[in-house]
Ligand SMILES: [Zn+2]
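Numbering (this note's numbering), first residue to last: 18 to 240.
The following block contains the structure:
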C-alpha cells in the first residue's frame with residue numbers, strides 16, 4: 018500500500034483511499050487522467066481484483082474526479098482513463114449536456130465528496146450531436162437536442178452555413194462547441210463550482226474522445 022502512492026499508475030490496482038487523494042492536487046489528477054488514457058491507448062492496463070475493490074470501497078468512496086460524459090456505449094469512461102471502481106464519479110446524459118440535476122451532481126461530487134477535477138467529455142460520431150444537426154424531433158429527445166443547438170450556431174460561425182448533414186468536420190466542430198458550452202454552463206450555473214475553481218480547489222476542463230484511437234484530446238483551458 019505504501020509504495021502505491023508513489024507511482025500514480027499503480028493506483029489502479031487497489032481502491033483509492035482518502036489519504037491517497039489528499040496528496041493529489043487538481044493538476045496531479047489531470048496528469049493521472051492523461052497518463053491513464055495513454056495506458057489505455059497503448060493497451061498497457063493493470064489487471065484489477067474487482068471483487069476485493071468492491072469490499073474495500075463499501076465503507077466509503079474518495080473519487081479523484083467527476084466526468085460528465087455522453088450516454089454512448091462506446092465511451093467506457095473508467096476504462097479510457099485506466100481507472101476503476103471507486104476512482105471516478107461519472108454523470109452520463111446524451112450529448113453531455115448540463116441541466117440542474119447534472120449541476121447538483123457535479124456540486125455533490127466536488128463540494129461534498131471532494132473530487133478535484135471536472136471533465137466534460139464529448140466524443141466523435143456522437144448520435145446526439147448528429148441528431149441535433151439533423152434537427153430530429155421526437156418525444157423528449159426534442160428538448161434534449163435543443164440544448165445542443167447553440168453549439169450548432171457557434172459552429173456555423175466558424176464553418177459557414179453550407180455544411181452537409183453527414184459532414185464529420187462540422188460534426189467535430191459542433192461537438193467541441195457543445196463541450197465548451199457545457200463548461201460555460203457549469204461556471205455560470207454553479208457559483209459553488211465557480212468559486213472552487215477560483216480558489217484552485219478544483220479544475221474544470223473539457224476533452225474529446227477519439228473513437229478510432231481511444232485518445233482523449235484535452236481542450237485548452239482558457240476560452
Ligand atoms: Zn454521444
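Ideal placement from N, C-alpha and C gives every residue a C-beta, glycine not left out.
Check: Residue 168 and residue 195 closer than 7 Å at C-beta; Outcome: yes
Check: Distance CB(residue 102)-CB(residue 46) smaller than 7 Å; Outcome: no
Check: Residues proximal to ligand 3 by C-beta, any heavy atom closer than 5 Å; Outcome: Because ligand 3 does not appear in the structure shown, any question about it cannot be addressed here, the ligands present being ligand 1.
Check: Residue 228 and residue 125 closer than 7 Å at C-beta; Outcome: no
Check: Option nearest residue 98 by Cα separation, candidates 52, 207, 86 and 213; Outcome: 52
Check: Residue 108 (DSSP reduced to helix, strand or coil); Outcome: strand
Check: Contact set for residue 73: own chain, Cβ-Cβ below 8 Å, skip 5 residues either direction; Outcome: 31, 32 and 103
Check: DSSP-derived helix/strand/coil call for residue 94; Outcome: helix
Check: Selected residue, minimal CA-CA separation from residue 220, among 230, 177, 235 and 65; Outcome: 235
Check: Nearest-angstrom beta carbon gap, residue 193 and residue 139 [assumed within contact, 8 Å]; Outcome: 7 Å
Check: Distance, residue 132 Cα to residue 154 Cα; Outcome: 36 Å
Check: Spatial distance of residue 215 from residue 129 (CA atoms); Outcome: 17 Å
Check: Exposure of residue 89, with buried meaning 16 or more beta-carbon neighbours within 10 Å; Outcome: buried
Check: Where the alpha helix (DSSP H) containing residue 46 begins and where it ends; Outcome: 43 to 58
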